[in-house]
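Student: In the numbering used here, the protein residues as written are 3 to 630. The structure follows.
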């Protein structure tokens, strides 16, 4: 019988326990580590709570670990002002500043905090946040319209217009103007670049300006083309003058005028054409300025229709048309011969020059009869000379319907150069002498013609003292550039002013078509004012005067219908005359003799005025006592 097999020996406990233990360790150690990391990650998230992630900054300002409210306060304090501050910018070679605040750029604090507040969920990112800073770009609020305006404002200084190649003149010397490309700020690109610059450097700490894009504008005319025009056009153009001759068929036949090289240079222009070349032209206006009246001998001046009184009746002398230079045509004609050698000659192109006042227009003004006339008398020879001069100036003046007439404006300054001489005036209430004195007599005479013609009294000023040879309340004074006589022609027909001067009298007559009859009614004088006595030293300048009584008066102008005499309307003129002071010239006592010195017997001179002396001085004083 065989024996049963021997069972295998049991393995040793020590031999089997060690492998199982290490196998279990390889499983649970990573698990423990993973659980630990998870616990750390969860704990870190829980500890961070609602605060800004650690090591987070905005534009260099750290806000990590702060609550959102704290972070907002820090950003408001640290970045809001700097973001809205002026920034240095450059565009090509031009530098300047753009104010961010004025450009509508501000820090959106709440949006920036929200952008920074999100906790990173990536475990690696959270681990790295222990060692690295996290920078968050600021969120900006932008007003696009204000930003565009700010960019446009800077562009106004940075943009550079193209300087085209051209030819200028220094006197009669042509000089090349080299072309220079232009530059234009790229408005859209500049706005984007500026906004990016503010966003990248919210604290405004950068040393370099924000670069704004610029577009270059190419030139049309090159330097080579300028040199070509300088040689082929400008040089020959100024080689000699141009002779302009009147056409053979005109009244000025045989007349010639030379256009000098200086006038050619002053009027020659070079401009780019469509082919990129310089084109020469003559500027008619510049040619006219350069020549002035030098071209007049080639023309026939027009003669306006004029009014002439023949045998007491008004007649119209017909107008005559003339000729004038057609400057645009002359300019083109000159251009055609600029390249020719001397001598160079062209025919003057003439055009009709109608009279400013044609016969038909003059006749339509209805100046056919005397509308009003007034005469005043005077005695002073000096004043009379000034009255003669101003009457000659105004004689023949024409006032069209709707126009106004100013005596000062029509005559201009009344000076010795115009023939006026010194005569009596009243200045600040005192009788003095001034060039042009006595013209107030002409003003008074003219004012009465205005009054009785029924014309509009725009402005007149009575004398300060009443002068007996004038109608009380119906007179006027003038003084150049301060006191004027102005009337308006508010009638449908024209007014022609006729003046007749004779030694001792002046007549002013208005011609036109009579529209109304005018009557003058004066009130009683009232509110009398007595003259005051004034003593003045008899130093040779004192003029004695008995004075005169001042008073008020109202003159009523009554407009009456022609033929019927019915009153159409009335107009009151209220005048207040001051009392002329009683001037007494008082003898000036001689200075005292110094002590210890004997003075020689003075020659007896009686400085007091006798009646004859007073009469003599009075006759030499302008009796009108009117302002000049």
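Heads up, the beta-carbon is just placed ideally off N, CA and C, and yes, glycines get one too. All figures in this text were calculated on a predicted structure; none of them were measured in a lab.
Out of 550, 585, 567, 557, point me to the one whose CA is closest to residue 576's CA.
Tutor: 557
Student: Using 7 Å as the threshold, is the C-beta distance between residue 222 and residue 166 below it?
Tutor: yes
Student: Enumerate in chain order the residues of its own chain whose CB-to-CB distance from residue 123 is below 6 Å, with the five nearest sequence positions on each side excluded.
Tutor: Confidence is the limiting factor: at residue 123 the pLDDT is only 46, short of 50, which leaves the residue's position unreliable, though a coordinate-based value still follows. Correct list: empty, nothing qualifies.
Student: Please report the straight-line C-alpha distance between residue 148 and residue 88, rounded to a whole angstrom.
Tutor: When rounded, the distance between both Cα atoms is 14 Å.
Student: Is the CB of residue 461 under 7 Å away from at least one CB in chain B?
Tutor: Note that chain B does not occur in the displayed structure, where there is just one protein chain.
Student: Do three or more CB pairs link the segment 491-508 to the segment 363-377 at distances below 8 Å?
Tutor: yes
Student: If you draw a straight line from the alpha carbon of residue 463 to that of residue 448, how long is it in whole angstroms?
Tutor: Their backbone Cα atoms lie some 13 Å apart in a straight line.
Student: Could you check what DSSP says for residue 108 in three-state terms: helix, strand or coil?
Tutor: In the displayed model, residue 108 falls within a strand according to three-state DSSP.
Student: How is the alpha helix (DSSP H) around residue 458 delimited, first residue to last?
Tutor: No alpha helix (DSSP H) holds residue 458; the beta strand (DSSP E) holding it covers 458-461.
Student: For the alpha helix (DSSP H) that contains residue 198, what are its first and last residues?
Tutor: Unbroken alpha helix (DSSP H) run through residue 198: 189-202.
Student: The beta strand (DSSP E) spanning residue 92 covers which residue range?
Tutor: 88-93
Student: Tell me, to the nearest whole angstrom, how far the beta carbon of residue 86 is from that of residue 102; I am working on the premise that it is less than 8 Å.
Tutor: 5 Å
Student: Identify every run of the alpha helix (DSSP H) within the segment 437-497, keeping only runs that are complete inside it and at least 4 residues long; order them along the chain.
Tutor: 441-455
Student: Given a threshold of 16 other Cβ atoms within 10 Å of its Cβ, counted over all protein chains shown, does residue 388 qualify as buried or as exposed?
Tutor: buried
Student: What's the C-alpha gap between residue 297 and residue 350?
Tutor: 9 Å
Student: Measuring straight from C-alpha to C-alpha, what distance separates residue 421 and residue 508?
Tutor: 18 Å
Student: Roughly how many angstroms separate the alpha carbons of residue 307 and residue 413, rounded to a whole number?
Tutor: If you take the alpha carbons of residue 307 and residue 413, they lie about 22 Å apart.
Student: How many angstroms separate the CA atom of residue 335 from the CA atom of residue 440?
Tutor: 56 Å
Student: I'd like the list of long-range same chain contacts for residue 257, defined as Cβ closer than 8 Å, with 5 residues on each side in sequence excluded.
Tutor: 247, 248, 299, 300
Student: If contacts are defined as beta-carbon pairs under 8 Å, then residue 189 and residue 153 qualify, I think. What distance do you get, rounded to the angstrom?
Tutor: 6 Å
Student: Measure how close the beta-carbons of residue 64 and residue 109 come, nearest whole angstrom, since I'm counting them as under 8 Å.
Tutor: Actually they are not in contact, since the Cβ atoms of residue 64 and residue 109 sit about 16 Å apart, beyond 8 Å.
Student: Under a three-way DSSP split, which group does residue 96 fall into?
Tutor: strand
Student: Evaluate the contact criterion for the segment 275-284 versus the segment 323-340: three or more CB pairs, one atom per stretch, below 8 Å.
Tutor: yes
Student: Grouping DSSP H, G and I as helix and E and B as strand, with all else coil, what is residue 519?
Tutor: strand
Student: Which of the three DSSP states is assigned to residue 318 in this structure?
Tutor: Strand.
Student: Quick check: residue 572 and residue 560, are their CB atoms within less than 7 Å of each other?
Tutor: yes
Student: Can you give me the C-alpha to C-alpha distance between residue 491 and residue 240, rounded to a whole angstrom?
Tutor: 54 Å
Student: Excluding the 5 residues preceding and the 5 following residue 408 in the sequence, name in chain order all residues of the same chain whose CB lies nearer than 7 Å to its CB.
Tutor: 486, 488
Student: Does residue 358 come out as helix, strand or coil in the three-state DSSP assignment?
Tutor: coil
Student: List the whole-angstrom C-beta distance separating residue 374 from residue 454, where the pair is believed to meet the contact cut-off of C-beta under 8 Å.
Tutor: 4 Å
Student: Provide the residue span of the beta strand (DSSP E) that contains residue 413, from first to last.
Tutor: That residue, residue 413, is in no beta strand (DSSP E); its alpha helix (DSSP H) goes 409-413.
Student: Rounded to whole angstroms, how far is the Cβ of residue 482 from the Cβ of residue 416, which I believe are closer than 8 Å?
Tutor: 5 Å
Student: Leaving out five residues on either side along the sequence, give the residues of the same chain with a beta carbon under 7 Å from the beta carbon of residue 521.
Tutor: 560, 562
Student: How about residue 353 and residue 326: do their beta carbons lie closer than 7 Å?
Tutor: yes
Student: Measuring straight from C-alpha to C-alpha, what distance separates residue 117 and residue 195?
Tutor: About 22 Å.
Student: Can you tell me which of 401, 398, 392 puts its alpha carbon nearest to the alpha carbon of residue 418?
Tutor: Measuring from the Cα of residue 418, the nearest candidate turns out to be 392.
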